[in-house]
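Counting from 4, one number per residue, gives the positions in the sequence shown under our numbering.
Step one of this worksheet: look at the structure below.
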Amino acid sequence: MAVRVRTLTCGWIIADAGGMVPGQQGEMRMPVGAFLIEHPAGTAVFDTGMHPELEHTKERMRSTADLFELETPEGWTVAGQLGRLGVSPDDVDVAVVSHLHFDHCGGLAQLPGARVVVQRAEWSAAFSAPLVEFGVFNPEDFDLGHDRQVLDGEHDLFGDGSVVVVPTPGHTAGHQSLLVEGRLLLTGDACYCRLALDLDAPPEFGHDVDRQRAGFAWLREQEAAGIQLVFSHDADQWAALPPEL
């Protein structure tokens, strides 16, 4: 059963390169990657980009606003990117969020009819008062009244093994990635980019750096088995990806 996967470029972020990949210098400009997954049984997105309000103000990011510069070109929101492909936000049945940081779940506001799929550990951690106060998580991005499917591990999204949610914790407590047709692994922030994987260099500010490094090893095993890794924040890879994966 063929599954169609298309890329959504939901803006760009610029951050200190050393904060993203330890040891690097200067700035790193990164796509805010999301994906449209079309299956005969339904339409899903993997991640949703940033909240549309960020085009005008970073106030909702609280203290994390100082860490990122944002680029929001015309049509950058998840709704805009879907519209570019002829898909209405109302057509999206499921929103699988890799995790609940601002650049992965902020677009949920534009997908009110979607069922949100999230790991239980992630949902719980995202209400931590210190993390919310600093701006690591903002419940106003994701606690919006959607139907919600809370997972405790791996999940077969459409019941036929073609699209499988895979826990990849480390970056956050309940991070998850998406395996499509056993050939394509959408990593989310399990690893930011190829350089980080090649250098075995997870960011030092993650929830559990040792666990994320173990996740890096797992990603390399998947790649060795012939699975294509698609990173959400790798500008070089993003530029080379075809519109349909």
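Note that beta-carbon positions come from the ideal geometry of N, C-alpha and C, so glycine has one too.
Since the structure is predicted, the reported quantities are computational estimates derived from the model, not experimental observations.
Counting only runs of 4 or more residues that sit fully inside the stretch 47 to 96, the alpha helix (DSSP H) segments are 81 to 87, in chain order.
Residue state for L248 is assigned as coil, using DSSP reduced to three classes.
Excluding residues up to 5 positions away in sequence, A176 and G177 lie with their Cβ nearer than 6 angstroms to the Cβ of A124 in the same chain.
A straight-line Cα-Cα distance of about 29 angstroms links P55 and E207.
By the Cβ test, the stretch 89 to 100 is not in contact with the stretch 14 to 28, since fewer than three Cβ pairs between them sit closer than 8 angstroms. Using a Cβ distance threshold of 7 angstroms, L11 and Q84 count as a contacting pair. Inclusion of R32 and A217 in the CB contact set at 7 angstroms is not warranted, their separation being larger than that value. Residue L222 holds the alpha-carbon nearest to the alpha-carbon of D203 among L222, V139 and G116. In the structure shown, Q113 adopts helical secondary structure according to DSSP, grouped into three states.
Assignment of G14 by DSSP, reduced to helix, strand and coil, places it in the strand class.
In this model, Q28 and F49 are separated by some 30 angstroms (Cα to Cα). Contact check for V99 against L181 passes: the beta carbons are separated by less than 7 angstroms. Between the stretch 61 to 68 and the stretch 121 to 140, the count of Cβ pairs shorter than 8 angstroms is three or higher; the stretches touch. Contact annotation: R151 and V119 have beta-carbon atoms nearer than 7 angstroms.
In the three-state DSSP reduction, D106 falls in the helix class (H, G or I).
For L154 and V168, the gap between their C-alpha atoms comes out near 9 angstroms.
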